[in-house]
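> First the structure, which I've put down as structure tokens, then a few questions once you've had a look.
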Amino acid sequence: MALPPLPRPYQDTAEYWAAARDHHFVIQQCNSCGNYQFYPRGVCSHCLSSDLKWQEASGKGTVYSFSVNHRAPHPGFADDLPFVLAIVELEEGPRMMTNIVGCDPESVTIGMAVTVCFADVTDEVTLPKFQPASETTP
Amino acid sequence: MANALRDVAIVGVAESDLGRVPDKSKFQLSAEASRAALDEAGLTVKDVDGLLTTIITEGGQFSTMLMAEYMGITPRFTDSTSIGGSSFVAYVEHAAMAIATGLCEVALICHGSTNISDRGGKGGPVSAVTDVFGPTQFEEPYGVSTVGSYALAAQRHMHEYGTTSEQLAEIAVATRHWASMNPKARMRDRITIDDVLDSRLIASPLHLLDCCLVTDAGGAVVLTSLERARDLKSKPVRVLGTGEAHTHRMISQMPDLTQTAAAISGKLAFERAGLTHSDIDVAEIYDSFTITVLLTLESLGFCGKGEGGAFVENQRTAPGGDFPMNTQGGALSYTHPGMFGIFTVIEGVRQVRGDSGPRQVPDAKIALCNGTGGVLSSTGTIILGRD
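Right, dumping it as structure tokens:
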């Protein structure tokens, strides 16, 4: 079975992917202006400071938008059809691309509360994904 | 503010062979369109001293050096700005700026792509990437695609404003109607709203017929000073106003999924032209997907935010409607070689000249062309007028 395209960690992102592999979901906060940002960068996208810290995020968010995808954009997704591509707005503010998993794709709605979960794709790579909050916090 | 760019004119436009052209390279398509556009004006390649192009597919690195060498040009103004399909609309601004300031005299904008032949004649995805370097590593592992990105915007617009799939389908149906009048259009059989809704879902809420074609194509646009243009053999079309902007690279970082950078570039183009929406006789709006058009109409201010669905109802943008749009059949039905922007300019020029044949909008004097690039990321807006 083909794998999806996987991240190749680099200077800005190695810490994020290392944390994800240990099932921690971290985001950056700027020590100069307090801005939270996603995706990880070498500087703050608000004030350009290099003084950033990694924070464990709450892992809570809401669905900002989603699309049920019926065509695989890459052979690595052929076995997952249909899959839910989604932008989640994190409790801390930033938005990120992800998948909504652990539910019927047709049940996903905008505004739905979701929590992070971890998909171990290989021994080296874990992708943070999201599932309906009710699945984990009854 | 005085707008020096108004003293620049488009003097030649042309397409290459379109559709499926497996026996010609993308470089040849670009060069043949260039030759034809220069011919229209009575110019030759030796007159060209400004070159603007970008190739984002295999073998296209250092695009202007590559194409200048290919065609035997030694430009003194060169621009490979790469902001996706809108690049070629933004180039009109850049070329006009260069001509107005004397940096060059004759600027050639060209584009060639073998997007369908590169895929062995089939549409659909071609990605075979195994690992991803750079910020897109936060999107690609989740299965993002171009259609998926635009689908996210469509879903959000429906959520916020109650826009419907039927309203999006209106755009596809109207555009196909225009294409039925253009012999160069790839898809010319008329369709209905039900045809769009019954076509298979690719990425909800977008159906197959909400999506642009994949074709081979080349195009070219030639500009010079208005003064010189008046001595050439084609009818000059003036560059009345221009604007460009971009807001993000990746769809997850788009500040507002329901508003494009056309809110910036369009405002600039109208201000610089000294014109208002009611002055526009014909609009050529990059239609990578039906939702692209709807968001662009709102962002340009032709209707209020959230009103795009109602605006396009009842085939308003079709032949005979009161808002003629995408009159050559658009990326949805005419051609789409991955980046479409140059074709909005080509048709806008033809309409203003009165050269669009059976699909000519009667007495069209002013055209607005808007390119969108990336994933609703960048826009270029130009307003063209008869001399």
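Going down the list, the protein sequences come from chains L and A. Take any residue in the first sequence, count from 1 to its spot, add 548: that is its number in this note's numbering. Take any residue in the second sequence, count from 1 to its spot, add 829: that is its number in this note's numbering. Note that CB positions come from ideal geometry on N, CA and C, so glycine has one too.
1. For residue 1067 of chain A, count the other beta carbons within 10 Å of its own beta carbon; 16 or more makes it buried, fewer makes it exposed. Which is it?
2. Assuming residue 1124 of chain A contacts residue 1213 of chain A (C-beta within less than 8 Å), just tell me the rounded distance between them.
3. Let's test the definition: count the other Cβ atoms within 10 Å of the Cβ of residue 652 of chain L and tell me whether it reaches 16, buried, or not, exposed.
4. Quick one: using the 10 Å Cβ neighbour count with 16 as the cut-off for buried, is residue 597 of chain L buried or exposed?
5. Any beta carbon from chain A within less than 7 Å of residue 633 of chain L's own beta carbon?
6. If we define contact as Cβ-Cβ less than 7 Å, is residue 1042 of chain A a contact residue for chain L?
7. Note the first and the last residue of the continuous alpha helix (DSSP H) segment covering residue 577 of chain L.
8. Okay, do the segment 1041-1059 of chain A and the segment 859-866 of chain A touch, 3+ Cβ pairs below 8 Å being the bar?
9. Beta-carbon separation of residue 646 of chain L and residue 636 of chain L under 7 Å?
10. For residue 932 of chain A, does the three-state DSSP call read helix, strand or coil?
11. Give the DSSP-derived three-state secondary structure of residue 1172 of chain A in the structure shown.
12. Pull the bridge partners of residue 1075 of chain A from the DSSP assignment, please.
13. By DSSP, does residue 684 of chain L sit in helix, in strand, or in coil?
14. Using the Cβ count rule (16 or more neighbours within 10 Å means buried), how would you classify residue 1113 of chain A?
15. Going by CA-CA distance only, name the one from L:595, L:588, L:617 and L:622 that's closest to residue 630 of chain L.
16. Would you call residue 1206 of chain A buried or exposed, if buried means 16 or more other Cβ atoms sit within 10 Å of its Cβ?
17. Looking at residue 922 of chain A and residue 1071 of chain A, is the spacing between their C-beta atoms short of 7 Å?
18. Buried or exposed: which applies to residue 1079 of chain A, given that a residue is buried once 16 or more other Cβ atoms fall within 10 Å of its Cβ?
19. Quick check: the segment 979-990 of chain A against the segment 1029-1039 of chain A, are at least 3 beta-carbon pairs closer than 8 Å?
20. Using a C-beta cutoff of 7 Å, does residue 494 of chain L count as contacting chain A?
21. Look at the alpha carbon of residue 886 of chain A and the alpha carbon of residue 1031 of chain A, and state the distance between them as a whole number of angstroms.
22. Taking 8 Å as the threshold, find out whether the segment 1160-1170 of chain A comes into contact with the segment 934-952 of chain A through three or more Cβ pairs.
23. Taking 7 Å as the CB-CB limit, is residue 660 of chain L close to chain A?
24. Against chain L, does residue 1068 of chain A count as a neighbour if the rule is that its beta carbon must be under 7 Å from one of theirs?
Quick answer:
1. buried
2. At roughly 22 Å, the Cβ-Cβ gap does not stay under 8 Å, so residue 1124 of chain A and residue 1213 of chain A are not in contact.
3. exposed
4. exposed
5. yes
6. no
7. Segment 574-578 is the beta strand (DSSP E) holding residue 577 of chain L; no alpha helix (DSSP H) there.
8. yes
9. yes
10. coil
11. helix
12. A:1207
13. The predicted position of residue 684 of chain L is uncertain, since its pLDDT is 49 and thus under 50; no value can be drawn from it.
14. buried
15. L:617
16. buried
17. yes
18. buried
19. yes
20. Only positions 549 to 686 of chain L appear in the structure, and residue 494 of chain L is not among them; the question remains open.
21. 24 Å
22. yes
23. no
24. no
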